[in-house]
Structure formats: structure tokens, C-alpha cells
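**Student:** Before we start, here is the structure in question, set down as C-alpha cells.
2 protein chains.
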Amino acid sequence: MKKNISIKEIAELSGVSIATVSRVINNNGRFSEETKKKVLKVIDETGYQLDYSAKTFRMKKSFSIGILVPDITNFFFSNLVEKIEEILFNQGYTTIICNTARDIDKERTYLNILEGKMIDGLIIISGADQFSYKSLNPNKHIPYVCIDREPKDNNNIFISSDHYQGAYEATKKLISNGSLKPAIVMHKNYSSSAKERLRGFIKALENSQLTYLENESILHLPSDKIQAKKFIINFLSQSTIDSLFVINDNLALDIISYLKATEISIPEDIQIIGFDDIPACKYVTPQLTTIRQDADTIANTAVNSLLNLVNGTSNFNKKKKLVPVKLILRDSTLQ
Amino acid sequence: MKKNISIKEIAELSGVSIATVSRVINNNGRFSEETKKKVLKVIDETGYQLDYSAKTFRMKKSFSIGILVPDITNFFFSNLVEKIEEILFNQGYTTIICNTARDIDKERTYLNILEGKMIDGLIIISGADQFSYKSLNPNKHIPYVCIDREPKDNNNIFISSDHYQGAYEATKKLISNGSLKPAIVMHKNYSSSAKERLRGFIKALENSQLTYLENESILHLPSDKIQAKKFIINFLSQSTIDSLFVINDNLALDIISYLKATEISIPEDIQIIGFDDIPACKYVTPQLTTIRQDADTIANTAVNSLLNLVNGTSNFNKKKKLVPVKLILRDSTLQ
DNA sequence: TTGTAAGCGTTATCAC
DNA sequence: GTGATAACGCTTACAA
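One line per chain: the protein sequences are A and B, in this order.
Residue 1598 in our numbering sits at position 173 of the first sequence, and the numbers go up by one each step.
Residue 1575 in our numbering sits at position 150 of the second sequence, and the numbers go up by one each step.
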């Protein structure tokens, strides 16, 4: 196999030095219009392609951005990633998507690899714990922004849906629809967004003179689905809870399917509101009322903030950026 | 900013040559147990990290694999990508996921970028047309495998679910359940997998002495959802079609939701079978009977074949690999 | 405006 | 077993 044609050959073929060729290619420095033409002609004829690996190596810059995402099969995440990827692509950046499978070791490994690959920036999506990026090399740090996950050193940029607002509105809606005893359903682990949603839920109760009861107003569903089903059916038949604000749509849809086997009907006996607005919301019966996150705005904000950081363009970035959410009314709530 | 610590420092600090350090790091060539310990200790203490960009540059090998995927928000694809990514990760490869958004230009651009990045191999998932990879440099070609998309030069590797078998079984099931007039529902564009599914559908009709009617047995749904809804309702109320084999679950779920507004009931009036087995199948009412694709096997086969190609391990690879699918019975079919 | 040459961090070849 | 050293393709002072 013939070796790749390099800048050196181009230089020889066009009778100039490699430095000049490099200047022409990158359109930087000075060169005459004539040499430019000459060089470009040879490049065109030979089908020369830049060796990015050499360029990256030399410049310590790769024009690629890493994304850490906990679970790419989750619609909210894949939707977000798709949008981010598209924006970055249009700005000339490649996106390296890393599925961490919520595994902290895998996350660490990826971080190291990305660092070794001279990644220019990093977008961290969600995850249970606060995010702290410690490079093995304390002098090196890749600029990053977090989405829905609080950075540990808190002068880093953090973009998030207004989970508090969403939860507040959802709960208020349940109450104004007549619910006297709403409960929130969550998993065991509290991500920063889950915490905010809980806070919004509690605030809505308070503002409506309802009391938040540690043992009744919050349900922690087991992650095993069989157990979760037993648990929720059991709980609902023994309590006077009459509406559920569920931490995300996937879980809400699970709950709806669990309740199909029972006498409990939605929304008459129990109203349900989810979070995210995944496509499946519209397919279930009853269709799921939910809080829609604005993935477009989140993606745009994240990329802009990150590229500002990477290029040092603007250094007056707000540290925390809250993106409004929207209540989408469907059939799992009254009215 | 202090410069990165390199193999050279490690060499000095441990009193050996850089060549020896390199051998230890890569565990290749000979070195004594003693020097190994010495070097490893220094590496550990200093927190030295390999510079992949230098390694890639030097070796013309990046230990990363590109994936071209048409739409990462589609569950079948994201599920596949997630599995592929996991397998590759465990083999020491990074995965660069490229969402082509079914855009042929974007695909071309990505291909060029990936080539410049010294990608070791390529996995191409689905897409409407046959895939043909032409490098700008005719002497260079990155090894690749296709999933659900036929490669143009047909001695390339091609992995696919047995769409023919799936469609055949689905249709046979509809017929054995009493359907006298099944129809297949598809989009306008025929991917290689869609073609196979159509072939299986037609074969099942033939084998059951049913006739395939060009104007009745096949429905091409408009991509606009409003129009699609009108179209399907109109069609079903005017024809004697009594079962539908739908080209994929997303479309089948759409159809189920369209029919909710009508008198037509599923499965009594119309039986429906989808394809893929996405999670939402279990959430709808009635739950959707479907053909499950075996994403695990597809992912494993694709990665193994590709890595064999990349490493030149085994050169007796079957060119086309068919992965069996499975009928999952739920409530959108009788019995 | 252009050329010379150093240097990025690694691997690989060869000699010892 | 180990060490010198060339080489990979590019960018970028610095010189001319």
C-alpha cells in the first residue's frame, strides 16, 4: 500500500517549502496569490488529505468534543445528544459520545481516554452524584459544562431545566384538579435534578396548605420491576393518596402499566403526571400528562457556553443557567 | 501551565531509557521484572498518562471505531449502539458515534473526518441506499461492516436480522389467527431490510394460497402524521383488510393511536403486528405483538467481524450473516 | 513573501 | 535486557 501523501510531497511538487504549504492550507501568515494558486492546484491534483492525527498531536487540539451520557437508550438523553451533535457538527467539531452506563469506573476511564485524545471540551449529562473532574495531571483541565448535574467545584457552568418550576407546576395542577393527597414517586438515588423536583413538589404542597408526610407523601420505588409493581399496588390500596407526581415518564409509564391489573383507574382514582415528555406518552392509555423539557434550548446553551470556554471568547458566562419547562396536559390528569 | 509529563521524564526518573519505558507500558519486548517494577512505580507516582494523540500519530492507529447511525433517538438504533459501544469499550476501543440524520452529505463529511482521524474501523447502521465507501485516497480504505444496510461492493461484511423470516412468521401468525386479507404497511423508501420484510410477507401469502394485490395488500403511508392518519382510517373503512403487518413498531404504535378515534377495534377487527420490540410496545393498549430483533447478537457479530478485519485475525469471514428474530405475542393479535 | 529547522511523544529498528 | 536514535506529519518561531 502506497504511503499517504503528505505536506512534504505537496511542497516538492509545487516547488515551495512545507512551511508555505502549511500557511496556504491554514490560510494564515502571508503568501502571494501566485504561490497559493500553485499549491492549491497540486493539492487538488494529488487528492491530498490533511493528517488530523499529526495536527492534533502537534497542536494539542483535536476539534472534537466529548459527551458523557448515562444511558443513550433513554429518549431524553438521546434526543439531547442528537441536538448537541448537530450543532457541534455545524461548527466543525466532531462529537465523541461516551455511554457511561451510570458506571463511575467507566466514567473515570472515559475521562482519561478523552484527555489522552486531546479532546477540546466536555459535556457532562446527568448522573447521580455531583460531577468532579479531576485530571490525573493537576495542571491540565479540559473545559467542561454540565447538564442536569451539578459540578462539584461550583464556578463551573451548569445548565439545567427548571426542575423546581416543573415539579411545582405539576403538583399545583394536581391539587387544583382536586387532589387532596398527592405523592411524589422517585428512585432511591437523588440526582441534582431529582432533588430540585422534590423541592418543587414540597413547595407546592406548602403553598396549598397541604402537609408533606415523610412516610406517605414520598415513595421510593425499588428498581426491580416485579417488586416495584407489588410495592406500588400495595401502597396505593392502603393509603388515601389520590395523585402521583412521578420523577420521569419511564417510571410513570411503568406505573400506569402496573395499575392496569387493578381496579384503580386513572385519572379518576389516581391522577398521574410524569416528567420529560417522551414519545411514548402519547401512545399509552390514558395518555400521560407530563412536563416537557426544552431539549433545543438546553443543547444550544450547552454548546455555546462550552465553545466560549474552549475558545476563550467570552468570559462573562453565567455559572448556572435555568431553562424553563412546560406542562403538557393529557388524559392522566382530570380536566 | 506546566507541560505534560511524558515518557521521557519517566525514563529519567526511573533511570532507564525511553525505549524501555515504552516496552514496559506496552508489555512488549523484553525487560526484567525489576525494571518493570521500578518503571511502574514512577508511573504511578507521577500520574503519567499516555498521550494517545502521539501514539495515534506514530502508529497510524487510533484504537477507535466510528459508527454511522441514521437516528440515535430511535430505540432500536440507540440500543444497538449502546451494546456495540460496550463491547468495544471492553476491548480497549473508543467509539465515535456519528448521527447522520439520514443526510447523505453529512455522511460523506463524517467519512472524511473519520478517515483523517485514523479511525481503525467503521460500523455502518442502516440507511436507505446501499452503502459505498469511497475514500478520497484510493489507496486507503478503512475496514467496515454494515448492519441492515447492504454494502455496494458485495464482498464486504453485512450483518442483518433475518427480516424475511420475521415478516414471514408474523404474516403466517396473522393468517393462522384467521386473517383472510392481511396487508403490509410501509414507508415510501425501501431500505434493504424493508425489501426483505416485504418479500417475507408476500411469501407467507403465497404459501397460504392468499393473493397479493398490488393495490390492496400494501399501504405506503405518507410521512406526515396528519395525512397518514386520514389515509389509514380511510383505507381501512373502505377495504376488507383484517390484519396489518407494520414495518416497524413506531409506525404500528402510531396506527394504534390513530384507530383509537374510530370504531375499529384491535385485535377483533384488525390484528396488528409490528417489528423491533421497542419498550413502548408494552405500554400501549392493546399491547403490541411484534418481531423482536436480537440486538445482542447483532452487536456481537458486528464487533467481532470488524475487529477480525481490523486485526487481520481471521480472513474467512462469511460475507453475509443473518441473525434470527423472534415473534413476541401480545394483545394486538388474537390468541 | 518565503525557507530552515526545531520539536511535539511515541514506537520501532538496530546495535550492544 | 537495554539504550540510542530515526521517523511519523505538522506548526511555528526565527532568519533571510
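Positions of the beta carbon are idealized from the N, C-alpha and C atoms, including for glycine.
Whose C-beta lies closer than 6 Å to the C-beta of tyrosine 1637 of chain B among residues of the same chain, with five residues either side of it excluded?
**Tutor:** Translated into positions along the second sequence, residue 1637 of chain B becomes position 212. Within the same chain, tyrosine 1637 of chain B has close Cβ partners Ile1627, Leu1630.
**Student:** Between lysine 1542 of chain A and chain B, is any beta-carbon pair separated by less than 8 Å?
**Tutor:** Numbered from its first residue, the first sequence carries residue 1542 of chain A at position 117. Closer than 8 Å: yes.
**Student:** What residue does the beta strand (DSSP E) around isoleucine 1753 of chain A start on, and which one ends it?
**Tutor:** Taking the first sequence and counting its residues from 1, one reaches residue 1753 of chain A at position 328. Here the beta strand (DSSP E) through isoleucine 1753 of chain A covers 1751-1753.
**Student:** Please confirm whether threonine 1758 of chain B and lysine 1597 of chain B have their CB atoms less than 8 Å apart.
**Tutor:** Position 333 of the second sequence, counting from 1, holds the residue named residue 1758 of chain B. Position 172 of the second sequence, counting from 1, holds the residue named residue 1597 of chain B. Not in contact: threonine 1758 of chain B and lysine 1597 of chain B (Cβ atoms no closer than 8 Å).
**Student:** Give a yes or no on whether the minimum CB-CB distance between phenylalanine 1583 of chain B and chain A is below 8 Å.
**Tutor:** What you label residue 1583 of chain B is simply residue 158 of the second sequence in a count that begins at 1. False, the Cβ-Cβ gap to chain A never drops below 8 Å.
**Student:** Would phenylalanine 1482 of chain B and phenylalanine 1482 of chain A qualify as a contact pair, given that the criterion is a beta-carbon distance under 8 Å?
**Tutor:** Here residue 1482 of chain B is taken as the residue at index 57 of the second sequence, counted from 1. Here residue 1482 of chain A is taken as the residue at index 57 of the first sequence, counted from 1. Yes, they are a contact pair.
**Student:** Expressed to the nearest angstrom, what Euclidean distance is found between the alpha-carbon atoms of aspartate 1756 of chain B and serine 1604 of chain B?
**Tutor:** Taking the second sequence and counting its residues from 1, the one referred to as residue 1756 of chain B is at position 331. Taking the second sequence and counting its residues from 1, the one referred to as residue 1604 of chain B is at position 179. When rounded, the distance between both Cα atoms is 15 Å.
**Student:** Please report the distance separating the alpha-carbon of leucine 1669 of chain A from that of isoleucine 1716 of chain A.
**Tutor:** The residue you call residue 1669 of chain A lines up with position 244 of the first sequence. The residue you call residue 1716 of chain A lines up with position 291 of the first sequence. Going by the C-alpha atoms only, they are around 13 Å apart.
**Student:** Between the region 1455-1471 of chain A and chain B, which residues of the former have CB atoms less than 8 Å from a CB of the latter, in chain order?
**Tutor:** Answer in chain order: no residues at all.
**Student:** Roughly how many angstroms lie between the CA atoms of lysine 1745 of chain A and isoleucine 1723 of chain A, to the nearest whole one?
**Tutor:** Against the first sequence, residue 1745 of chain A aligns to sequence position 320. Against the first sequence, residue 1723 of chain A aligns to sequence position 298. Approximately 12 Å, taken between the alpha carbons.
**Student:** Within a Cβ cutoff of 6 Å, which residues of the same chain sit near glycine 1591 of chain A, ignoring the five residues on either side of it in sequence?
**Tutor:** Residue numbering aside, residue 1591 of chain A sits at position 166 when the first sequence is read from its first letter. Around glycine 1591 of chain A: Ile1716, Val1750.
**Student:** Mind checking if tyrosine 1394 of chain B is an interface residue toward chain A, Cβ cutoff 8 Å exclusive?
**Tutor:** Lying before the first or after the last residue shown, residue 1394 of chain B is absent from chain B, which here runs from 1426 to 1760.
**Student:** Relative to the C-alpha of glutamate 1770 of chain B, which candidate in B:Glu1434, B:Ile1658, B:Ser1586, B:Asn1736 has its C-alpha closest?
**Tutor:** Absent from the structure is residue 1770 of chain B, since the part of chain B shown begins at 1426 and ends at 1760.
**Student:** Taking the alpha-carbon positions, what's the methionine 1426 of chain A to phenylalanine 1700 of chain B distance?
**Tutor:** Along the first sequence, read from residue 1 onward, the residue named residue 1426 of chain A stands at position 1. Along the second sequence, read from residue 1 onward, the residue named residue 1700 of chain B stands at position 275. In this predicted model, methionine 1426 of chain A has a pLDDT of only 39, less than 50, meaning its place in the structure is not dependable; the value taken from the coordinates is given anyway. Approximately 44 Å, taken between the alpha carbons.
**Student:** Does the beta-carbon of serine 1799 of chain A have 16 or more other beta-carbons within 10 angstroms, so that it is buried, or is it exposed?
**Tutor:** Nothing in the structure corresponds to residue 1799 of chain A, since chain A is present only between 1426 and 1760.
**Student:** State buried or exposed for methionine 1543 of chain B, treating a residue as buried only when at least 16 other CB atoms are found within 10 Å of its CB.
**Tutor:** Residue mapping note: residue 1543 of chain B aligns to position 118 of the second sequence, counting from 1. It counts as buried.
**Student:** Considering only the alpha carbon of each residue, which of B:Glu1641, B:Asn1673, B:Ile1680 lies closest to aspartate 1654 of chain B?
**Tutor:** Here residue 1654 of chain B is taken as the residue at index 229 of the second sequence, counted from 1. Note on residue identity: the sequence assigns lysine, not aspartate, to residue 1654 of chain B. When only C-alpha atoms are compared, the closest one is B:Ile1680.
**Student:** Between which two residues does the alpha helix (DSSP H) containing threonine 1534 of chain B stretch?
**Tutor:** Residue mapping note: residue 1534 of chain B aligns to position 109 of the second sequence, counting from 1. Residues 1529-1541.
**Student:** Of the choices B:Tyr1593, B:Lys1620, B:Val1748, whose alpha-carbon is the least far from that of proline 1607 of chain B?
**Tutor:** As a position in the second sequence, residue 1607 of chain B is number 182, starting the count at 1. With distances taken between Cα atoms, proline 1607 of chain B lies closest to B:Tyr1593.
**Student:** At a CB-CB cut-off below 7 Å, which residues of chain B make contact with lysine 1707 of chain A?
**Tutor:** Start at 1 with the first residue of the first sequence, and residue 1707 of chain A comes out as number 282. In chain order: Ser1682.
**Student:** So, does the CB of alanine 1724 of chain B fall closer than 8 Å to a CB anywhere in chain A?
**Tutor:** To locate residue 1724 of chain B, count along the second sequence from 1; it is residue 299. Alanine 1724 of chain B does not count as touching chain A.
**Student:** Restricting to runs no shorter than 3 residues, where is the beta strand (DSSP E) found entirely within the region 1614-1651 of chain B?
**Tutor:** Listed in chain order, they are 1643-1645.
**Student:** Counting C-beta neighbours from all protein chains within 10 Å, is the total for serine 1642 of chain A 16 or more, i.e. buried, or is it exposed?
**Tutor:** Residue mapping note: residue 1642 of chain A aligns to position 217 of the first sequence, counting from 1. When all chains shown are included, serine 1642 of chain A counts as buried.
**Student:** For threonine 1519 of chain A, which residues in chain B fall below 9 Å Cβ to Cβ?
**Tutor:** The count along the first sequence starts at 1 and reaches residue 1519 of chain A at position 94. Result: Ile1521, Cys1523, Tyr1535, Ile1538, Leu1539, Lys1542.
**Student:** Report all residues from its chain with a CB closer than 7 Å to the CB of leucine 1747 of chain A; omit the five preceding and five following residues, and keep chain order.
**Tutor:** As a first step, residue 1747 of chain A must be located in the first sequence, where it is residue number 322. The answer, listed in chain order, is Ser1585, Asp1587.
**Student:** Please report how far the alpha carbon of glutamate 1621 of chain B lies from the alpha carbon of glutamate 1575 of chain B, in whole angstroms.
**Tutor:** As a first step, residue 1621 of chain B must be located in the second sequence, where it is residue number 196. As a first step, residue 1575 of chain B must be located in the second sequence, where it is residue number 150. Cα to Cα, the separation comes out at about 11 Å.
**Student:** Since threonine 1519 of chain B is in the beta strand (DSSP E), which residue starts that stretch and which ends it?
**Tutor:** As a position in the second sequence, residue 1519 of chain B is number 94, starting the count at 1. First-last of the beta strand (DSSP E) with threonine 1519 of chain B: 1519-1524.
**Student:** Would you call alanine 1444 of chain B buried or exposed, if buried means 16 or more other Cβ atoms sit within 10 Å of its Cβ?
**Tutor:** Position 19 of the second sequence holds residue 1444 of chain B. That one is exposed.
**Student:** For leucine 1438 of chain A and chain B, any beta-carbon pair shorter than 8 Å?
**Tutor:** Taking the first sequence and counting its residues from 1, the one referred to as residue 1438 of chain A is at position 13. Chain B, which has no Cβ nearer than 8 Å to the Cβ of leucine 1438 of chain A, makes this no.
**Student:** Among the candidates A:Asn1733, A:Asn1614, A:Ile1450, A:Arg1527, whose CA atom is the shortest distance from the CA of leucine 1644 of chain A?
**Tutor:** Numbered from 1 along the first sequence, position 219 holds the residue referred to as residue 1644 of chain A. Considering only alpha carbons, the answer is A:Asn1614.
**Student:** Across the region 1491-1499 of chain A and the region 1520-1529 of chain A, are there enough close Cβ pairs to call them in contact, namely three or more that are closer than 8 Å?
**Tutor:** Result yes; three or more Cβ-Cβ pairs closer than 8 Å.
**Student:** Under a Cβ-count criterion, where at least 16 other Cβ atoms within 10 Å of its own Cβ denotes burial, should methionine 1611 of chain A be classed as buried or exposed?
**Tutor:** The residue you call residue 1611 of chain A lines up with position 186 of the first sequence. Flag for methionine 1611 of chain A reads buried.
**Student:** Residues in the region 1499-1510 of chain A with C-beta within 7 Å of chain B's C-beta atoms, listed in sequence order?
**Tutor:** If the cut-off is 7 Å between Cβ atoms, the region 1499-1510 of chain A has Phe1500, Ser1503, Asn1504, Val1506, Glu1507, Glu1510 near chain B.
**Student:** Which of the three DSSP states, helix, strand or coil, is assigned to arginine 1455 of chain A?
**Tutor:** On the first sequence, residue 1455 of chain A is found 30 positions in, with the first residue counted as 1. Looking at arginine 1455 of chain A - three-state DSSP - the assignment turns out to be coil, as it is neither helix nor strand.
**Student:** Mark glycine 1625 of chain A as exposed unless 16 or more other C-beta atoms lie within 10 angstroms of its C-beta, in which case mark it buried.
**Tutor:** Sequence index remark: in the first sequence, residue 1625 of chain A carries index 200 (1-based). Buried.
**Student:** Anything in chain B within Cβ reach of serine 1478 of chain A, meaning under 8 Å, just list it in chain order.
**Tutor:** Here residue 1478 of chain A refers to the residue found at position 53 when the first sequence is read from its first residue. The answer, in chain order, is Ser1478, Thr1481, Phe1482, Lys1485, Ser1487, Gly1541, Lys1542, Met1543.
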